[in-house]
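First residue of the sequence shown: 141, per this note's numbering; consecutive thereafter.
Here is the structure we will look at.
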Amino acid sequence: MWKSLLVSLLFFSSTSFAATVLIYGDSLSAGYGLEPEQSWPALIAERWQGEPWQVVNASVSGETTQGGLARLPTTLKAHQPALVFLQLGANDGLRGYRLTDSKTNLNRMIDLIEEQGGEVILAEIMIPPNYGPRYSQAFTAMFSDVAKQQQIELLPFFLQTIAIKDDLMQADGLHPNAKAQPLIADIIEPLLRRHIKSINDKNGAQM
């Protein structure tokens with residue numbers, strides 16, 4: 141898979157502190173095969189223009205949980221996010237990596253984010269059944285196991301209703317196309333807003 145450049149989308153009011161929502165994923169969030177402004181994180185950032193939150197998309201196409209863990213400390217230091225949407229693991233599954241390693245990496249990333257004061261939303265990932273039912277089922281269950289262990293919110297696989305429609309997927313059958321991006325944004329944005337409201341309530345701020 142190709143790698144995307146770090147795309148930072150900063151939209152905030154001049155009179156309010158701009159807290160950061162970090163999108164930290166792989167090609168499903170990086171906008172693989174699309175123009176940067178077509179990706180669902182860019183669409184959410186556009187919707188949030190004038191609001192006191194900024195969206196930083198630090199997703200990299202082809203990223204694994206190991207790679208994500210390696211670059212996370214630098215990313216957290218650079219952006220100091222209040223909320224992180226963690227969407228990694230798909231490439232681990234597609235490459236048949238050991239689930240124990242992937243699970244350890246996810247747990248460590250969540251620990252690092254929380255240690256610097258951020259909240260985490262974990263995105264569930266599903267892989268094609270041709271990898272074998274035992275591995276595929278165990279892979280998907282890994283995300284709910286991590287979410288329960290860490291006591292964080294799990295977003296069910298956000299492509300579940302999209303990946304089954306050919307007109308919403310690219311030719312490779314793995315990546316959503318431009319037409320699908322607003323639909324993904326519609327799924328994820330309310331979840332982000334709910335967490336933002338909770339964070340604002342704790343801090344006495346508003347969005």
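Even glycine gets a Cβ: it sits at the ideal position worked out from N, Cα and C.
Bear in mind the structure is a predicted one, so any value in this text is a computation, not a measurement.
Q. Under the three-state reduction of DSSP, which class applies to F297: helix, strand or coil?
A. coil
Q) How many whole angstroms separate the CB atoms of I267 and F279, which I take to be in contact at a CB cut-off of 8 angstroms? A) 6 angstroms
Q) Buried or exposed: which applies to S338, given that a residue is buried once 16 or more other Cβ atoms fall within 10 Å of its Cβ? A) exposed
Q: Note down, in chain order, each residue of its chain lying with its Cβ closer than 8 angstroms to the Cβ of Q300, except the 5 sequence neighbours on either side.
A: M266
Q: Ignore the nearest five residues each way along the sequence and tell me which others in Y172's own chain have a CB closer than 6 angstroms to its CB.
A: S201 and H315
Q) Would I184 pass as a contact of E329 if the rule is Cβ separation under 8 angstroms? A) yes
Q. What is the DSSP secondary structure of Y164, reduced to helix, strand or coil?
A. strand
Q) What's the C-alpha gap between L332 and P273? A) 32 angstroms
Q: Note down the Cα distance separating L226 from G190, rounded to an integer number of angstroms.
A: 25 angstroms
**Q.** Simplified DSSP assignment, three categories, for A246
**A.** In the sequence as presented, Ala is not what sits at residue 246; that position holds Leu. In this structure, L246 counts as helix in the three-state DSSP scheme.
Q: From the DSSP output, read off the bridge partner residues of W193.
A: A159
Q) Among residues of its own chain, excluding the 5 on either side of V147, which ones have a beta-carbon nearer than 6 angstroms to its beta-carbon? A) Since pLDDT at V147 reaches only 41, below the 50 mark, its modelled position is unreliable, and no value is offered.
Q) How many whole angstroms separate the CB atoms of L295 and E254, which I take to be in contact at a CB cut-off of 8 angstroms? A) Not confirmed; about 17 angstroms, so no contact.
Q. CB-CB under 6 angstroms to S276, same chain, minus the five flanking residues each way: which ones, in chain order?
A. I267 and P269
Q: Look at Q289 and N247 and say whether their C-beta atoms are less than 8 angstroms apart.
A: yes
Q | Buried or exposed by the 16-neighbour rule on C-beta atoms within 10 Å, applied to P213 | A | exposed
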